[in-house]
Amino acid sequence: MLLLSHWLGTTVLLGYFKLRVGPKLSSTCHPWDTVIKAAMRKYPNPMNPCVVGVDVVDRNLDPQGRLHSQRLLCTEWGLPSLVRAILGTNRTLTYIKEHSVVDPIEKKMVLCSTNISLTNLVSVDERLVYTPHPENPEETVLTQEAIITVKGVSLSSYLEGLMASTISSNARKGWDAIEWIIQNSESTVS
């Protein structure tokens with residue numbers, strides 16, 4: 000298989016059937032506390048309608064005061080018919096498990112997600128880290144990376160590239176959704 004590293008549009012051949020996207024840094028002009036509250040309520044939102052369901056499986060505080068959340072997301076991938084044919088499936092509804100840890104003392108949120116359906120065909124492992132901007136505490140920085148593995152399918156590099164493009168697009172939609180939630184929260188308060 001083929002391992003590709005994809006960073007800001009640059010693809011480098013490394014070896015082994017995986018595609019690594021990121022780490023990618025982006026920031027928003029809102030303080031960490033505001034962004035984290037919005038990130039915890041990110042779905043549903045009009046920017047990413049493919050997420051059709053979110054269930055909180057478990058949520059608890061550890062002895063250090065960190066909030067641990069386990070969620071199950073249901074998504075409609077909407078794969079093109081050509082991709083479904085290559086994968087040998089008509090299934091487009093997928094489930095993702097998500098684990099997040101919010102540390103209010105360190106001001107850090109780490110969110111890791113992985114698909115739990117279609118794993119015989121593709122695995123997507125994503126990691127997001129939200130922290131205050133080191134030079135401007137009124138801004139928040141997001142570091143995002145993903146590893147995509149397409150298994151036992153012809154045209155795997157094509158599919159990996161397609162999925163990397165989708166992840167990059169969804170990253171922008173994620174920031175737009177957080178902004179939308181913040182704006183709508185502020186407008187309902189005022």
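Numbers 0 to 189, taken from numbering that gives the first Met the number 0, label the letters of the sequence shown in order. Every residue, glycine too, gets a C-beta built ideally from N, C-alpha and C.
Item: Strictly by DSSP, which residues pair up with CYS111?; Value: HIS98 and ARG126
Item: Pair every Cβ in the segment 110 to 124 with every Cβ in the segment 93 to 101, then say whether three or more of these pairs are closer than 8 Å.; Value: yes
Item: Please identify the residue among LEU141, GLY52, PRO136 and VAL123 whose C-alpha is closest to the C-alpha of THR148.; Value: VAL123
Item: Alpha carbon to alpha carbon, how far is VAL11 from ASP175?; Value: Residue confidence is low: VAL11 scores 30 on pLDDT, short of 50, so the model does not pin down where it sits. Its coordinate-derived value is still stated next. Computed Cα separation, rounded: 29 Å.
Item: Whole angstroms are fine: how far does the CA of LYS41 sit from the CA of ILE177?; Value: 6 Å
Item: Does DSSP classify ASP54 as helix, strand or coil?; Value: strand
Item: Given ILE104, which residues of its chain have a CB within under 7 Å of its CB, disregarding the five upstream and five downstream residues?; Value: GLY64
Item: Below 8 Å on the Cβ atoms is my contact criterion, and I expect SER99 with SER68 to pass it. Report the Cβ-Cβ distance as a whole number of Å.; Value: 5 Å
Item: Rounding to the nearest angstrom, what Cα-Cα distance links VAL140 and VAL101 in this structure?; Value: 15 Å
Item: Are the CB atoms of LYS107 and THR130 within a distance shorter than 7 Å?; Value: yes
Item: Could you tell me if THR74 is buried or exposed, where buried requires 16 or more neighbouring beta carbons within 10 angstroms of its beta carbon?; Value: buried
Item: Here's a check: name, in chain order, each residue in its chain whose Cβ is nearer than 7 Å to the Cβ of VAL50, leaving out the five neighbours to either side.; Value: TYR42, PRO43, LEU72 and THR74
Item: Specify the secondary structure class of ASN183 as computed by DSSP and reduced to three states.; Value: helix
Item: Could you tell me the distance, in whole angstroms, from the CA atom of ASN47 to the CA atom of GLY173?; Value: 8 Å
Item: Comparing the C-beta of PRO133 with each C-beta of chain D, is any distance below 7 Å?; Value: Judged by its chain identifiers, the structure shown contains no chain D, having just a single protein chain.
Item: Could you pull the DSSP bridge partners for GLN69 from this structure?; Value: ASP57 and HIS98
Item: Taking ARG58 as the reference, give the member of MET39, TRP76 and PRO45 with the closest Cα.; Value: MET39
Item: Answer with buried or exposed for ALA145, where buried requires no fewer than 16 other C-beta atoms within 10 angstroms of its C-beta.; Value: buried
Item: Roughly how many angstroms lie between the CA atoms of ASP61 and GLU97, to the nearest whole one?; Value: 18 Å
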